[in-house]
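Numbering (our numbering), first residue to last: 2 to 407. Heads up, the beta-carbon is just placed ideally off N, CA and C, and yes, glycines get one too.
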C-alpha cells in the first residue's frame, strides 16, 4: 500500500516539530494543537501543490503562524508574543538546538511530578506521535478513558509548572533513570502484557525500541541508554518464537532458536559493546549482557548459567530488587539444580517483598514440579493462576496444573 507524503513526513517530523514548538511556546497542549493544524493544512495543500523541498520547515512555519494567531487572541501568552514572532521568521535552527528541543520534550513528558501511567501516555502521544486511539488500544482501555488521562496529565503539567527543559548535569543522571524506566515499562508491557488475551503487543515493543533508538541518537555518550537499547533488541529478537501456531506460550528452553532475529541480536551486541567500552556499567547493561548470553547460546543446556548467575550477582548489588533476585534464583536453579533455586525462592516468598507478584508463585510451582513434589506444585500453580490476568500465560499454568493433578 502506497504511503501518502503527509503520513511519511508525520512519521519523520512529528517529534521534532512538537519538541520545537514546546520550546517556543512553553505549552504542550498548544504545541500539539498547532502541530496537528499544520498537518491538516499540509494534507490539503500538498495534494494540490506538491510536497515542499523541506517539509519539516514548511510545517514548522505554518504551526508557528497558527500559534502566533492564537497568542494574539489569548492574554495568557502575551509575554511570549515577541519571542514567538521572532522565531516564526527564522528559516531554521542549528541541529544542536533541535536535539535539545527533543530532549526537553522527553524529559518533560517523563517528569517525576507526573504519575507513571501519565508519563507513559504522554511519551507515546507526544514523543512517539501515537494517536489517542492507538495508545488506548495498546493499554486495553476505552479511547475516552485515555483521552481523559492525557487531558489530566497536561493539566498537571500546566498547574505544576513542569518545565520542558533539559536538566542540568547534576540532575540529568537522576532524571535520565526515570526516562529509561518509562521506555522499559512500555517494552515490558508489550513483551508480556499484564492484562490481555494475547501474550505480546508488538506495537508497544516497536514503540519502546523506537524510543530507545531516539534516546541513543540524542544521548550517544550515555552508556545506560545504549544498554537499554541493547536489552530491548536482544529480548525482542525472540518475539516470533514466544508463542506457537495456536497462540500458546513457548518457554525459552523450547523455542526454535533458528528463528530468532539474528539482525537484532547483532544490533544488540554492538550496542552493548559500545556501552561497556565507556567504563560505566549500569543495570540495563548487565540485563543486556544476560540477554546476550541467552541469545548466543546454541541451546538451553549449552547456556553458561554460571556466568548468568554472576551477572545477576552484579545486578543485585546495583538494584537490590526482589524481581532481580527472583530471576537470579531461576538461573541458580539451572546452574546448581532446582533445590538450590527453590531455597532462594522460598526466602523471597517469606520476605513478603513480592507478595501478589504473578511470577513468584509460578516460579515456585515450576521448581516444585521439577523436584517431583506435585501436590505442593499444584497448590502453587493454583496460586499463580489466581494472580495471572494474561490469558496466554494462564493457559500455560493450567496445563502444568493438570500435569501435577492425579
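The DSSP assignment places 323-337 as complete runs of the alpha helix (DSSP H) inside the region 317-350, in order along the chain (cut-off: 4 residues). In the three-state DSSP reduction, residue 244 falls in the strand class (E or B). Residue environment for residue 223: buried (at least 16 other C-beta atoms within 10 angstroms of its C-beta).
Residue pairing by DSSP puts residue 250 in a beta bridge opposite 244. With a contact defined as Cβ atoms closer than 8 Å, residue 187 and residue 216 miss out at about 12 Å. Contact check for residue 130 against residue 165 fails: the beta carbons are separated by 9 Å or more. Judged by pairs of C-beta atoms under 8 Å, the region 350-362 touches the region 322-331, as three or more such pairs exist. Apart from sequence neighbours up to five positions away, the residues of its chain that approach residue 203 with a beta-carbon distance below 8 Å are 191, 240, ordered along the chain.
Pairing residue 155 with residue 68, the inter-Cα distance amounts to about 18 Å. Look at residue 303 here: in three-state DSSP terms it is coil, with no helix or strand label.
Of the candidates 178, 233, 64, 178 places its Cα closest to the Cα of residue 168.
Closest in C-alpha terms to residue 252, from the list 246, 259, 242, 261, comes 242. Between residue 237 and residue 265 the beta-carbon gap is near 6 Å, inside 8 Å, which marks them as a contact.
Going by DSSP, residue 15 is part of the alpha helix (DSSP H) stretching over 6-26. For residue 372, there is no enclosing alpha helix (DSSP H), as DSSP marks it with neither H nor E. Collapsing the DSSP output to three states places residue 163 in coil. Straight-line spacing of the CA atoms in residue 356 and residue 367 works out to 18 Å.
Under the three-state reduction of DSSP, residue 232 is assigned to helix.
Taken through DSSP and simplified to helix, strand or coil, residue 142 comes out as coil. The beta-carbon distance between residue 228 and residue 274, rounded to whole angstroms, is 11 Å. This is too long to meet the 8 Å contact definition. Residue 348 is positioned such that its CB atom lies no closer than 9 Å to that of residue 276.
In chain order, 361, 365 place their CB closer than 7 Å to the CB of residue 350, counting only its own chain and leaving out the 5 sequence neighbours on each side. Taking C-beta separations shorter than 6 Å and ignoring five residues to either side along the sequence, the partners of residue 183 in its chain run 111, 120, 121, 124, following chain order. With at least 16 other beta carbons inside 10 angstroms of its own, residue 26 counts as buried.
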